[in-house]
Amino acid sequence: MGYLNNVTGYRDDLLANRAIVKHGNFALLTPDGLVKNIIPGFENCDATILSTPKLGASFVDYLVTLHQNGGNQQGFGGEGIETFLYVISGNITAKAEGKTFALSEGGYLYCPPGSLMTFVNAQAEDSQIFLYKRRYVPVEGHAPWLVSGNASELERIHYEGMDDVILLDFLPKEL
4 MGYLNNVTGY RDDLLANRAI VKHGNFALLT PDGLVKNIIP GFENCDATIL STPKLGASFV
64 DYLVTLHQNG GNQQGFGGEG IETFLYVISG NITAKAEGKT FALSEGGYLY CPPGSLMTFV
124 NAQAEDSQIF LYKRRYVPVE GHAPWLVSGN ASELERIHYE GMDDVILLDF LPKEL
């Protein structure tokens, strides 16, 4: 059933599977297990829902391929919902809070709760993005703000001293 790698139909082996889901703990989806989902507002896109509260997650995340002129012009996010977009490949144009962002590979946009983001593929070839949304959990005395950047410009931090585990802070960590 994997539309991204064109491996479709039933598996040949009884033990071959497409996904492992441990409710409330993790979901492991192989490329063979990615299916297209129809999501209102997404036009000329192939979208896969990766995680949802139905799997025990506190968020929803998506893998989206935007074909030529594909995107979401209705708005992604909403009241009480914070959202994040990351460009895996290609070029897109995103808008939020009256600002326009030209995002290429590694580009990202965080929208605080109440801000809608729209986006469209900015090239003739496909672009691929990762989308994330969740209900915002307030921190007393602090309010989030719109953040955009590119992963290539972020400091690489060796997580807990491990040379092979690199941490990137996409959002400001200072309150």
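The sequence shown begins at 4 in this note's numbering and counts up by one.
By construction, the Cβ of each residue, glycine as well, lies at the ideal position given by its N, Cα and C atoms.
Computed from a predicted structure; not experimentally measured.
- Secondary-structure assignment with DSSP links Y135 through a beta bridge to D64 and F87.
- In this structure, D64 places its C-beta atom within 8 Å of the C-beta atom of L53.
- Around the beta carbon of M120, 16 or more other beta carbons lie within 10 angstroms, which makes this residue buried.
- Non-local beta-carbon contacts of R159 in its own chain, meaning distances under 6 Å to residues more than five positions away in sequence, involve I169 in chain order.
- Boundaries for E128: no beta strand (DSSP E) harbours it, and the DSSP string shows neither H nor E there.
- Contact between G73 and N40 fails: their C-beta atoms lie close to 14 Å from each other, not under 8 Å.
- Leaving aside the five residues that flank D172 on each side, the residues in its chain whose CB is nearer than 8 Å to its CB run, in chain order, L157, E158 and I160.
- Annotation for F45: the continuous beta strand (DSSP E) segment containing it runs F45 to S54.
- When rounded, the separation of the alpha-carbon atoms in I95 and P43 is 19 Å.
- A Cβ-Cβ contact shorter than 8 Å links C114 with L149.
- Across the set S92, P116, G117 and V123, the C-alpha of V123 shows the shortest separation from the C-alpha of T103.
- Of the candidates F29, T51, F62 and L31, the residue whose Cα lies closest to the Cα of Y139 is F62.
- In this structure, A154 lies away from G93, with their beta-carbon atoms at least 8 Å apart.
- In the same chain as D129, and ignoring 5 residues on each side of it, the C-beta atoms closer than 7 Å to its own belong to T68, L69, H70 and G93, in chain order.
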